[in-house]
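*Asks:*
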Amino acid sequence: MIFHEYLRTVVREFKQREQNTKFLEGFLAIFRRNFRIIWQYKFSIIMGFVTNLIIFSLFFYVALLVPEMQISQDNYIVDSVSFIFAGVILVEISTRTLSRSLNSFTSEMKQGTFETLVTLPFGLKRYFISEIAFEMFYGVFISIIYFIPILFIYPAFKSVSISIESIFALLLVSFCCILIFFSLSLIAANFTILVKRGREISMVIIGIISLLSGSLFPLSMFPKWLQIIAQFSPITLAVRAFRLCMFGNGTITDSIVWISIIVLISSAVFFYIIFHFSYKRIYNRIRQTGTTHEF
Amino acid sequence: MIEILSSFKEETKRNSFIARIGAISISRIKMTLNYKSSYLMVLVLNITIVFMYFFFGKLNPDMEIFGLNATYFEYCIIGLCLQMIVGTSLGTANGNINNEIASGTWSSLFLQFNFLEYSIGTTAAGVFLSSFSILIVLSIAFLIGNFAFSITFQEVLLILLIFILILASHMVISMLFTSFTIFYQKDSGLVSLIYQLTKTFSGILFPIALLSGFPLFISNSLPFTYGLETLHMILFSDSIQWKLLAYNCSILLGMITVIGIIAYVLVFLSLKNVKKNGKVDWY
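Heads up: the sequence lines are chains A and B, in that order.
My numbering puts the first residue of the first sequence at 35, with every later residue one more than the last.
My numbering puts the first residue of the second sequence at 1441, with every later residue one more than the last.
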């Protein structure tokens, strides 16, 4: 009798503890864990900088193929190098959250640690949110560290004069752009646990977004049907607004800027809702089929 | 006695160098085909990149491709297609050993391990599968950009020769970094760095005539620069420049020989070290 009572108490306490796993505690624990991992692989930070430098060298030299070309868009005229650099910087910074998050989930699956994450009382959904939030913060931080020296090496924006209002609008557009990738990463994480190909999924999404964003050329190069499709990609609007703020002194009162901010925020919310409702179904499916840890 | 000898001969034939490489390749192809979704997604990505530079080329249809009689799209599609082969040749040997170590199969593979056979077998399988991607990308290029050539039989043979040299030169680089992977039981990350450098500085998306100083030095140190320059010359020049062809082929052969020998020695030493210290299956 005493034993049964004791057992009930243990089960009750266990259940209580499971319910009491606070989101903030787990969130901070994941941040601490990830910082420790990054600190263990300090060399990868230097390698990351070198890789970024190489990528931007590629776009710099590609832009030099059309050095004399002046690109006119939304009432401003800018040289091809600045035009390409502005587009590529925004796409690179914002897509980093997606690629890093999905790479992280793929690594967990490959190493076999994903199964443990799935069964943690903290919950896989909260883990996804915390992990992607970390990658978002770290991605922005490391991008700033990387891009300052790169912009000294390739002074693409040396002739750009920008007002305080435009800087504010530019930062707001960038933030919204990063936010949309946060939500997109959550949906992609759902697909990753279903089809287990996170790295490839992120590569394909980033490839298509880069193509449609017009980061490398104005959208007028596309045929009409592709121009229409490109308008449905929120990043296309973001790149356009970003460039307007940088080269045309666009502010938040400009229709392109505020429309893009509203579209980005509403798309981010829409993607989050899709994630929220699809998560449970996908999670139950992998549990039923027993493919939680399969890679 | 005769029967025994003939069966022994038969067995030896089955276990010949080529047969073993063939067996490794077939098993790798079968394994890769288990991951069809990965293969398809990479193919979609490659097609997207081709589209991206197709539209970039439209930015200035009269874009000058230093000394070559080609449009920008014709110029870059050659490099973009071969980039897949370079990536496969660079990543396969090193990546597979790294996977074997991580998944714990390295200790059993290690017992009958012939590094050269393993490298050639796995790389050949990877290149075989990548070739399908190239065919699909070229077909799309033909459809969207009217990309077509008429080349002679002699040019086909030369392209094949350059193709093999490019493949081998990147395979030996991968073999070189495998020695690090075997020794330390972890990936150095240098293979992906070399791949990034090759993508940027070997003249895939812009002619190396645009480079100067240190970037030009990097470009001249990469084997793909020589292979791609020769291919562009064969495809876009009015006549074959035999001097350039001989020079570039010699450089590629030299790189294959020197890096190959160093890689083989280093792998041998690494294997000896891990055997001595009992680190075969340790991760």
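For each residue, glycine too, the CB sits at the ideal point set by N, CA and C.
Which whole-angstrom value describes the C-beta separation of A:VAL125 and A:ALA97, a residue pair presumed to lie in contact below a C-beta threshold of 8 Å?
*Replies:* In the first sequence, residue 125 of chain A corresponds to position 91, counting from 1. In the first sequence, residue 97 of chain A corresponds to position 63, counting from 1. Not quite, the Cβ-Cβ distance comes to about 15 Å (not below 8 Å), so this is no contact.
*Asks:* At the 8 Å Cβ level, is B:THR1472 part of the contact set with chain A, yes or no?
*Replies:* For the purposes of this step, residue 1472 of chain B is taken as the residue at position 32 of the second sequence. Taking Cβ atoms only, chain A never reaches closer than 8 Å to B:THR1472, which makes this a no.
*Asks:* Give me the Cα-Cα distance between A:ILE242 and A:ILE235, rounded to the nearest whole angstrom.
*Replies:* Along the first sequence, read from residue 1 onward, the residue named residue 242 of chain A stands at position 208. Along the first sequence, read from residue 1 onward, the residue named residue 235 of chain A stands at position 201. Using only the alpha carbons, I get a separation of about 11 Å.
*Asks:* For the region 265-320 of chain A, list the alpha helix (DSSP H) runs that are entirely contained and at least 4 residues long, ordered along the chain.
*Replies:* 268-281
*Asks:* Listed from N- to C-terminal order along the chain, which residues in the region 57-79 of chain A have their beta-carbon within a distance smaller than 9 Å of any beta-carbon of chain B?
*Replies:* Listed in sequence order: PHE77 and SER78.
*Asks:* Could you round the C-beta distance between B:ILE1648 and B:SER1659 to whole angstroms and report it? I think they count as a contact, below 8 Å.
*Replies:* Locating residue 1648 of chain B in the second sequence gives position 208, counting from the first residue. Locating residue 1659 of chain B in the second sequence gives position 219, counting from the first residue. The Cβ separation is near 5 Å, so the contact holds.
*Asks:* Report the start-end ranges of each alpha helix (DSSP H) in the region 1514-1563 of chain B that is 4 residues or longer and not cut off at the edges.
*Replies:* 1546-1549
*Asks:* Have a look at A:THR285, A:ARG67, A:PHE215 and A:VAL45 and flag the residue whose alpha-carbon is nearest the alpha-carbon of A:GLY173.
*Replies:* In the first sequence, the residue the question calls residue 173 of chain A occupies position 139. Of the candidates A:THR285, A:ARG67, A:PHE215 and A:VAL45, the one whose C-alpha sits nearest the C-alpha of A:GLY173 is A:PHE215.
*Asks:* For A:PHE119 and A:PHE181, I'd like the C-alpha separation in whole angstroms.
*Replies:* Taking the first sequence and counting its residues from 1, one reaches residue 119 of chain A at position 85. Taking the first sequence and counting its residues from 1, one reaches residue 181 of chain A at position 147. Cα to Cα, the separation comes out at about 11 Å.
*Asks:* Quick one: give me the first and last residue of the alpha helix (DSSP H) that A:GLN74 is part of.
*Replies:* Within the first sequence, the letter at position 40 stands for residue 74 of chain A. Unbroken alpha helix (DSSP H) run through A:GLN74: 57-74.
*Asks:* What residue range does the beta strand (DSSP E) around A:ILE111 cover?
*Replies:* Walking along the first sequence from the start, residue 111 of chain A turns up at place 77. A:ILE111 -> beta strand (DSSP E) spans 110-113.
*Asks:* Are the CB atoms of A:VAL273 and A:GLY232 nearer to each other than 8 Å?
*Replies:* Here residue 273 of chain A corresponds to residue number 239 of the first sequence, with the count starting at 1. Here residue 232 of chain A corresponds to residue number 198 of the first sequence, with the count starting at 1. Contact: no.
*Asks:* By DSSP, does B:SER1628 sit in helix, in strand, or in coil?
*Replies:* As a first step, residue 1628 of chain B is located in the second sequence; it is residue number 188 there, counting from the start. Coil at B:SER1628, not helix or strand.
*Asks:* Any chance you could list the beta strand (DSSP E) runs of at least 3 consecutive residues sitting entirely within the region 178-215 of chain A, in chain order?
*Replies:* none
*Asks:* Is DSSP giving A:ILE105 helix, strand or coil here?
*Replies:* Walking along the first sequence from the start, residue 105 of chain A turns up at place 71. Strand at A:ILE105.
*Asks:* Distance check for A:GLN74 and A:PHE281, CA to CA, integer angstroms please.
*Replies:* The sequence position of residue 281 of chain A within the first sequence is 247, counting from 1. The sequence position of residue 74 of chain A within the first sequence is 40, counting from 1. Cα-Cα distance, rounded: 41 Å.
*Asks:* Kindly indicate the opening and closing residues of the alpha helix (DSSP H) around A:ILE240.
*Replies:* Counting from 1 along the first sequence, the entry for residue 240 of chain A is found at position 206. First-last of the alpha helix (DSSP H) with A:ILE240: 232-247.
*Asks:* I want to verify the contact list: residues of chain B whose CB lies under 7 Å from the CB of A:VAL122, in sequence order.
*Replies:* Locating residue 122 of chain A in the first sequence gives position 88, where the first residue counts as 1. Residues of chain B passing the Cβ test: none, with the nearest at roughly 12 Å.
*Asks:* For B:ILE1458, I'd like the list of residues in its chain whose CB is within less than 7 Å of its CB, leaving aside the five on either flank, ordered along the chain.
*Replies:* Within the second sequence, numbered from 1, the residue matching residue 1458 of chain B stands at position 18. Around B:ILE1458: no qualifying Cβ.
*Asks:* With respect to the alpha helix (DSSP H) encompassing B:VAL1707, which residues constitute its N-terminal and C-terminal limits?
*Replies:* Taking the second sequence and counting its residues from 1, one reaches residue 1707 of chain B at position 267. First-last of the alpha helix (DSSP H) with B:VAL1707: 1682-1716.
*Asks:* So with CB distances below 7 Å, who are the chain B contacts of A:PHE251?
*Replies:* On the first sequence, residue 251 of chain A is found 217 positions in, with the first residue counted as 1. Near A:PHE251 (Cβ distances below 7 Å), the residues of chain B are PHE1495, PHE1496 and LEU1499.
*Asks:* Throw me the rounded Cβ distance for the B:SER1661 and B:MET1611 pair, which I believe falls under 8 Å.
*Replies:* Counting from one through the second sequence, the residue named residue 1661 of chain B turns up at place 221. Counting from one through the second sequence, the residue named residue 1611 of chain B turns up at place 171. Not confirmed; about 17 Å, so no contact.
*Asks:* Going by alpha carbons, who is nearest to A:ILE105 out of A:ARG277, A:SER312, A:VAL297 and A:MET143?
*Replies:* Residue mapping note: residue 105 of chain A aligns to position 71 of the first sequence, counting from 1. It is A:ARG277 whose Cα lies nearest to the Cα of A:ILE105.
*Asks:* For a contact defined as C-beta to C-beta under 9 Å, what are the partners of B:GLY1629 on chain A?
*Replies:* Indexing the second sequence from 1 puts residue 1629 of chain B at position 189. Under the 9 Å cutoff, chain A gives PHE77, SER78 and MET81.
*Asks:* Return the residue from the list B:VAL1526, B:PRO1501 and B:LEU1483 that minimises the CA-CA distance to B:LEU1635.
*Replies:* Within the second sequence, residue 1635 of chain B is the residue found at index 195, counting from 1. Reading off the sequence, residue 1635 of chain B comes out as Tyr, not Leu. From the listed residues B:VAL1526, B:PRO1501 and B:LEU1483, the smallest Cα separation to B:TYR1635 is found for B:VAL1526.
*Asks:* Just the Cα atoms here: how many angstroms apart are B:TYR1475 and B:LEU1711?
*Replies:* Your numbering for residue 1475 of chain B matches position 35 in the second sequence. Your numbering for residue 1711 of chain B matches position 271 in the second sequence. Rounded to the nearest angstrom, the two C-alpha atoms are 30 Å apart.
*Asks:* In whole angstroms, what separates the C-alpha of B:ILE1537 from that of A:PHE304?
*Replies:* Your numbering for residue 1537 of chain B matches position 97 in the second sequence. Your numbering for residue 304 of chain A matches position 270 in the first sequence. If you take the alpha carbons of B:ILE1537 and A:PHE304, they lie about 43 Å apart.
*Asks:* According to a CB-to-CB cut-off of less than 9 Å, which residues of the region 227-240 of chain A neighbour chain B?
*Replies:* VAL229, LYS230, ARG231, ARG233, GLU234, ILE235, MET237, VAL238 and ILE240
*Asks:* Measuring straight from C-alpha to C-alpha, what distance separates A:VAL314 and A:GLY157?
*Replies:* Residue mapping note: residue 314 of chain A aligns to position 280 of the first sequence, counting from 1. Residue mapping note: residue 157 of chain A aligns to position 123 of the first sequence, counting from 1. It should be pointed out that residue 314 of chain A corresponds to Lys in this sequence rather than to Val. Taking the straight line joining both Cα atoms gives about 11 Å.
*Asks:* Using a Cβ-Cβ distance under 8 Å, would A:VAL115 count as near chain B?
*Replies:* The residue given as residue 115 of chain A occupies position 81 in the first sequence. False, the Cβ-Cβ gap to chain B never drops below 8 Å.
*Asks:* Determine the contact status of A:MET143 and A:LYS258, defining contact as a CB-CB distance below 8 Å.
*Replies:* Numbered from 1 along the first sequence, position 109 holds the residue referred to as residue 143 of chain A. Numbered from 1 along the first sequence, position 224 holds the residue referred to as residue 258 of chain A. Their beta carbons are not under 8 Å apart, which means A:MET143 does not touch A:LYS258 by this criterion.
*Asks:* State the Cα-Cα distance for the pair B:PRO1655 and A:PHE90, rounded to the nearest angstrom.
*Replies:* As a first step, residue 1655 of chain B is located in the second sequence; it is residue number 215 there, counting from the start. As a first step, residue 90 of chain A is located in the first sequence; it is residue number 56 there, counting from the start. When rounded, the distance between both Cα atoms is 13 Å.
*Asks:* Cutting at 8 Å between CB atoms, please list the residues of its own chain near A:MET237, excluding the five before and the five after it.
*Replies:* To locate residue 237 of chain A, count along the first sequence from 1; it is residue 203. Cβ neighbours of A:MET237 beyond the five flanking positions: SER133.
*Asks:* Would you mind sorting B:GLY1653 into buried or exposed? The rule is 16 or more other CB atoms within 10 Å of its CB.
*Replies:* On the second sequence, position 213 is the one that residue 1653 of chain B refers to. Classification of B:GLY1653: exposed, given that the 10 Å Cβ count is below 16.
*Asks:* Just verifying my parser: in three-state terms, what is the DSSP assignment at B:ILE1505?
*Replies:* The residue you call residue 1505 of chain B lines up with position 65 of the second sequence. Coil.
*Asks:* Which residues bound the alpha helix (DSSP H) around A:VAL152?
*Replies:* One-based indexing of the first sequence puts residue 152 of chain A at position 118. Per DSSP, A:VAL152 belongs to the alpha helix (DSSP H) from 148-153.
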